[in-house]
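Shown next, in structure tokens, is the structure this report addresses.
2 protein chains.
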Amino acid sequence: LIEFKNINKTFGREPNLVHALKDVSFKIYPGEFVAILGPSGSGKTTLMNIVGLIDKPDDGGLYIDGLNMGDKPDKVYSKLRNQKIGFVFQKFNLISKYDALYNVALPLLHRGKSYKEAKEAAAITLDRVGLENRHHHKPNELSGGQQQRVAIARALVGESPLILADEPTGALDKKTGGEILDLFEDLNGQGKTIVMITHDLDIASKAKRIIRVDDGRIFED
Amino acid sequence: LIEFKNINKTFGREPNLVHALKDVSFKIYPGEFVAILGPSGSGKTTLMNIVGLIDKPDDGGLYIDGLNMGDKPDKVYSKLRNQKIGFVFQKFNLISKYDALYNVALPLLHRGKSYKEAKEAAAITLDRVGLENRHHHKPNELSGGQQQRVAIARALVGESPLILADEPTGALDKKTGGEILDLFEDLNGQGKTIVMITHDLDIASKAKRIIRVDDGRIFED
Ligand SMILES: Nc1ncnc2c1ncn2[C@@H]1O[C@H](COP(=O)(O)OP(=O)(O)OP(=O)(O)O)[C@@H](O)[C@H]1O
Ligand SMILES: Nc1ncnc2c1ncn2[C@@H]1O[C@H](COP(=O)(O)OP(=O)(O)OP(=O)(O)O)[C@@H](O)[C@H]1O
Ligand SMILES: [Mg+2]
Ligand SMILES: [Mg+2]
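Read top to bottom, the protein sequences are chains A and B. In terms of my numbering, the first sequence opens at residue 339 and continues consecutively. In terms of my numbering, the second sequence opens at residue 339 and continues consecutively.
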């Protein structure tokens, strides 16, 4: 499904050059449940953003379903992203002027679904993450963990085959975090591919494979 | 040091009225190390924002060092806040156009320290949270956990007697989170009062007292 071949990514320039990913190679197959662990600043989000087609490597090959993404125009990236990927961002990236329901409906509206259909699916997904009474709250009228759950709902509403989650339970108590993890396990059971960055070793132990990131390099047992 | 007497706080209005804090009463004494736990949405941040003098109760009494805050003008709140409180916010609240060093220097500049003095103290504090090589990175050039550590450094740079931390290790791996906790324990050993919201039971166990929040009410063992 996803292949990295000798991928490098740097930010900034001398003397502030940061080599965030160094010669990273791995494959993720359809239906896998992968946890990505590593210290703060080690390159996990940078790696995930390339998997999620919202950033590009400086060097090396990125293959999606065998397709070499390197020479494709931006609209191929955004089309694949909209149709195939649900992404829970580390900083949530909710739109502050819209309420929870509309934020979650947006990916479906972008795919051309009707307003009625998109809102119904958004309502169901918000309920599934425990936000039944918060549909019409805007992000700044929600607690940190509630905002995180809106971000999760938005990633799941489109029933995408690939779900990327950058620390999806960081703002949640143990019980609520466990419920979100159960949800991901159910989706994986339905055949969806899940790639999840987490700092929580209990959460990581639920995944079937662990990739560790340290100072821009990856390690697997 | 801090006393809540029958404090209530609501948001919104019917039919969307949220009763975020319900008849909350407790005291926190100088030098304590208190952990606040509870489910997502239970009212912890709302409580902390009142302790931190950035929000006010709708009902009930707030006393700081015996002073009834209820009838004081806003400039008494902001003066106390600037001089006495270091606050690590759940969403960090960094200023995106300034680099890490300037963000951390700001509380000292607000107190009238010289630019040179403020930057020196900021540099030392950033180093203490492991960000030696990131002084001139802006927030969007930092990882999630690095941004959190800038927020922590900013809360600590003024050596305030009261440190409030809303989920200060939420974006950190176990090791880095442990280092931050050691830092808080050192500061508590120096006599500073620490009030910390956390979802992590290991972190909570390091505190000397636990206050639980559930659906707007507080409970203590
Ligand atoms: N401006 C607002 N308008 C309406 N409701 C609000 C507003 N701010 C907070 N709330 C509600 O008040 C309740 C308490 O919020 P608070 O942020 O204190 O929770 P919390 O315990 O910090 O949660 P978390 O662990 O998720 O950060 C939540 O249910 C939230 O939806
Ligand atoms: N725009 C940028 N300019 C300069 N450096 C950057 C930029 N973005 C990220 N970095 C650096 O790249 C490194 C990797 O960042 P990344 O966000 O991938 O880390 P992470 O593993 O997700 O960390 P965390 O667990 O703290 O979220 C960090 O050291 C960070 O400072
Ligand atoms: Mg990250
Ligand atoms: Mg909160």
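Glycine is no exception: its CB is placed at the ideal position from the N, C-alpha and C atoms.
When the options are compared against residue i, the one with the closest alpha-carbon
i: residue 341/A; options: 398/A, 522/A and 360/A; result: 398/A
i: residue 420/B; options: 509/B, 443/B, 508/B and 428/B; result: 443/B
i: residue 543/A; options: 553/A, 528/A, 516/A and 552/A; result: 516/A
i: residue 384/A; options: 487/B, 480/B and 555/B; result: 480/B
i: residue 436/B; options: 478/B, 405/B and 429/B; result: 478/B
i: residue 523/A; options: 494/A, 394/A and 429/A; result: 494/A
i: residue 455/A; options: 468/A, 440/A and 388/A; result: 440/A
i: residue 520/B; options: 467/B, 434/B, 489/B and 424/B; result: 467/B
i: residue 513/B; options: 378/A, 354/A, 346/A and 518/A; result: 378/A
i: residue 404/B; options: 339/B, 461/B, 458/B and 364/B; result: 339/B
i: residue 449/B; options: 408/B, 549/B, 484/B and 498/B; result: 498/B
i: residue 553/A; options: 353/A, 344/A and 359/A; result: 359/A
i: residue 541/A; options: 394/A, 373/A and 475/A; result: 373/A
i: residue 459/A; options: 402/A, 422/A, 487/A and 492/A; result: 492/A
i: residue 502/B; options: 432/B, 490/B and 548/B; result: 490/B
i: residue 485/A; options: 428/B, 386/B, 357/B and 485/B; result: 428/B
i: residue 549/A; options: 382/A, 344/A and 402/A; result: 382/A
i: residue 345/A; options: 367/A, 401/A and 392/A; result: 401/A
i: residue 349/B; options: 415/A, 469/A, 476/A and 422/A; result: 476/A
i: residue 509/A; options: 536/A, 500/A, 380/A and 343/A; result: 536/A
i: residue 426/A; options: 463/A, 473/A and 504/A; result: 504/A
i: residue 367/A; options: 551/A, 539/A and 532/A; result: 532/A
i: residue 353/B; options: 424/A, 474/A and 431/A; result: 474/A
i: residue 320/B; options: 556/B, 555/B, 511/B and 500/B; result: Given a span of 339 to 559 for chain B in the structure shown, any question on residue 320/B remains unanswerable.
i: residue 525/A; options: 369/A, 361/A, 432/A and 447/A; result: 369/A
i: residue 415/B; options: 388/B, 462/B and 457/B; result: 388/B
i: residue 511/B; options: 487/A, 483/A, 551/A and 556/A; result: 551/A
i: residue 392/B; options: 418/B, 406/B and 380/B; result: 418/B
i: residue 465/A; options: 438/A, 482/A and 386/A; result: 438/A
Burial state of residue i (16 or more Cβ within 10 Å)
i: residue 413/B; result: exposed
i: residue 528/A; result: exposed
i: residue 390/A; result: buried
i: residue 445/A; result: buried
i: residue 546/B; result: exposed
i: residue 376/B; result: buried
i: residue 562/A; result: Outside the displayed span of chain A (339 to 559) sits residue 562/A, for which this structure offers no information.
i: residue 496/A; result: buried
i: residue 347/B; result: buried
i: residue 452/A; result: exposed
i: residue 395/B; result: buried
i: residue 355/B; result: exposed
i: residue 351/A; result: exposed
i: residue 371/A; result: buried
i: residue 558/A; result: exposed
i: residue 409/A; result: exposed
i: residue 434/A; result: exposed
i: residue 539/B; result: exposed
i: residue 506/A; result: buried
i: residue 423/B; result: buried
i: residue 556/A; result: buried
Closer than 6 Å: residue i CB and nearest ligand 5 heavy atom
i: residue 479/A; result: Absence of ligand 5 is noted for the structure shown, with ligand 1, ligand 2, ligand 3 and ligand 4 being the only ligands found.
Legend entry - Distance cut 7 Å, beta-carbon to ligand 3 heavy atom: residue list by chain order: This selection yields 382/A, 383/A, 428/A, 504/A, 505/A, 535/A, 481/B, 482/B and 483/B.
Inset, instruction - Kindly provide the ranges of any alpha helix (DSSP H) runs that are 4 or more residues long and lie completely inside the region 493 to 555 of chain B, ordered along the chain. - result: Correct list: 512 to 527 and 539 to 544.
Inset, instruction - Check distances from the C-beta atoms of the region 503 to 526 of chain B to those of chain A and list, in chain order, the residues that come in under 9 Å. - result: Of all residues in the region 503 to 526 of chain B, 504, 505, 507, 508, 509, 510, 511, 512, 513, 514 and 515 have a Cβ within less than 9 Å of some Cβ in chain A.
Inset, instruction - Within the region 408 to 483 of chain A, note down every full alpha helix (DSSP H) run reaching 4 residues or more, in order along the chain. - result: Qualifying alpha helix (DSSP H) stretches, in chain order: 412 to 422, 438 to 448 and 453 to 466.
Inset, instruction - Mind checking the region 471 to 499 of chain A against chain B and listing, in chain order, the residues whose C-beta falls within less than 7 Å of any C-beta there? - result: Taking 7 Å as the Cβ-Cβ cut-off against chain B, the residues of the region 471 to 499 of chain A that qualify are 474, 479, 481, 482, 483 and 484.
Inset, instruction - Could you please tell me which residues of the region 341 to 353 of chain A, in chain order, have their CB closer than 9 Å to any CB of chain B? - result: Going along the region 341 to 353 of chain A in chain order, one finds 349 and 350 with a Cβ nearer than 9 Å to chain B.
Legend entry - Contact residues within the region 367 to 378 of chain A, judged by C-beta distance below 8 Å to chain B: Along the region 367 to 378 of chain A, the positions whose C-beta sits under 8 Å from a C-beta of chain B are 375, 376, 377 and 378, read in chain order.
Inset, instruction - Residues of the region 425 to 450 of chain B with a CB closer than 7 Å to any CB of chain A: list them in chain order, please. - result: Cβ contacts with chain A come from 428 and 429.
Inset, instruction - Closer than 8 Å, Cβ to Cβ, to anything on chain B: give me those residues from the region 527 to 546 of chain A, in chain order. - result: Within the region 527 to 546 of chain A, the residues whose Cβ lies closer than 8 Å to some Cβ of chain B are 537 and 539, listed in chain order.
Inset, instruction - For the region 379 to 401 of chain A, enumerate the residues whose C-beta is nearer than 9 Å to any C-beta of chain B, in chain order. - result: Contacts with chain B (Cβ-Cβ distance below 9 Å) from the region 379 to 401 of chain A involve 379, 380, 381, 382, 383 and 384, listed in chain order.
Legend entry - In chain order, each alpha helix (DSSP H) run of at least 4 residues that lies wholly inside the region 343 to 406 of chain B: Taking only runs of at least 4 residues, the alpha helix (DSSP H) segments lying wholly in the region 343 to 406 of chain B are 382 to 389.
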